[in-house]
Amino acid sequence: MLASLRSRAVATGLAAVALVAACSNADTLPIEPPVDPPATDTPVLTRTVLIPGRSNPWDIAVAADGAVFFTERCAGLAVRHANGTIVRLFGTTGSALVATDFFCEGQSGMNGVALDPQFASNRLIYVYMSSNATTSPRTNRVVRLQLDAGYSTASNRTDIVTGLAFKDVGNGVGGSGAHSGGRIRFGPDGFLYIGTGDNHSATLPQHPTNLGGKVLRVTTSGAAASGNNAPAGFDARIYTYGHRNVQGLAFHPTTGQAFTAEHGPNHSDEVTPLVAGGNAGWDPQNRPALTCPSNYCGYAGSPTSMPMTDVVRFPSAMLPAWTNNNTSQGTGPAVFLTGTQWRAWNGRLAVGVMGGTRLAILTINGSGVATNETSATTLPAVRYRALTLGPDGALYIATDAGEIWRVTAAAAP
Ligand SMILES: [Ca+2]
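Every number in the working numbering is 250 more than the matching position in the sequence shown, counting from 1.
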């Protein structure tokens, strides 16, 4: 697939050349040389195990004062204060604020966490969690909390988005609690982006009002953001649809464009640049040529018979920037690396791969296409569950083995 991505990149480059050639005074235009470090100037990484011995840490948010907030799938939200003290803030018994409706099951539980853009002054924090406040089905929801100045208590719980699809009952393709999505991130536009999953349901990704298999974009109160451009008849909170299981959300450092990272079924992990109202092209229903347990065709086909992006059914679908060479390695979290300390990786997209136990580093060109891929080979081979770039410029990583790392970058000596 990289070959075809390269061909697209080449085509884009040719288009740029043609544009310059068409400009009659092209030879008088200032030509800015690239200022990036050479591609060989890879950073030297230093890894510290900041928080050891946790249980399924799932996401991380870092405050400017050095506090590290993290979720554990079956426990809830906690914080590591800058002095190393850990306080459990929200979740099961033992938390400062107990959520009696919270539970974990399968891949679901306390998933994403994000700090309010005004966190320094309002102390608002958001989590994505499974809730049995309603039953048959149970649901996922996004909850807003307010912390005290010292990060020891949580209060003012407000459930800003409820009724997010949860796989209540197992079926022929997997157990309950699967494919909940769960990543939440604020974009540079100040809106909260919420990645959800298809629940192993054939109809959810293309469904106009069910919120599974979507990226939602909402205000800090959970209302639809302006400019979502959802098609007529769609829930106005929907920013993009036709997703499988969005567990990576990242924003391009210069354009602000949102990107998703998603697991493929048994092929085609994808990274996709999003456009408002766009269709990501996943539609695991009504495939007569395939044998589909529980009517879910998602695992039944190939990149051509069950594509992650079906451009036959949806000719204007958003095309992926990267497809992991049409394999599936459990691609999950993603974040753009920014800052000169990242050397040649400044501006590249880091993608956590779980089954593949690696941190992929992608070069995304100006057209949203991956033109190069490498891996952070000096880091251990683990399941990379969460990636967050801290205000300190370090990369915070959660592993399924139960650790949270702080990784700093510097030029080679
Ligand atoms: Ca897709």
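Glycine residues also receive a C-beta, built at the ideal position from the N, C-alpha and C atoms. Everything numeric in this text was worked out from a predicted model, so none of it was measured.
When the beta-carbon positions are compared, Trp572 and Ala659 stay at least 8 Å from each other.
Residue pairing for Arg338: DSSP places it in a beta bridge opposite Ala328. A Cβ closer than 6 Å to some heavy atom of ligand 1 marks a residue here, and those residues are Glu520, Thr522, Ala530, Gly531, Trp532, Met558, Thr559, Pro570. Annotation: Asn361 is outside any alpha helix (DSSP H); the continuous beta strand (DSSP E) that includes it extends over 360-365. Minimum Cα-Cα distance from Pro553 among the listed residues Ala475, Thr412, Gly531 corresponds to Gly531. Val496 is positioned such that its CB atom lies no closer than 8 Å to that of Val521.
With fewer than 16 other Cβ atoms from the protein chains shown falling within 10 Å of its own Cβ, Ile336 counts as exposed.
Taking the C-beta atoms as reference points, Arg304 is found nearer than 8 Å to Gly652. For Ala660, the enclosing beta strand (DSSP E) covers residues 654-660. According to the DSSP secondary-structure assignment, Arg297 is paired through a beta bridge with Val657. Fully enclosed beta strand (DSSP E) runs of no fewer than 3 residues occupy 496-501, 508-512, 520-523 of the region 491-578, in order along the chain. In this structure, Arg391 keeps its C-beta atom at 8 Å or more from the C-beta atom of Leu374. Look at Thr350 here: in three-state DSSP terms it is coil, with no helix or strand label. In this structure, Ala364 and Ala415 do not form a Cβ contact; the two beta carbons are roughly 20 Å apart against a cut-off of 8 Å. The straight-line gap separating the alpha-carbon atoms of Thr453 and Ala644 is approximately 40 Å. With at least 16 other beta carbons inside 10 angstroms of its own, Ala428 counts as buried. Looking at the backbone, the Cα of Thr607 and that of Ser402 are separated by about 34 Å. A residue is called buried when at least 16 other Cβ atoms come within 10 angstroms of its Cβ; Pro534 meets this threshold and is buried.
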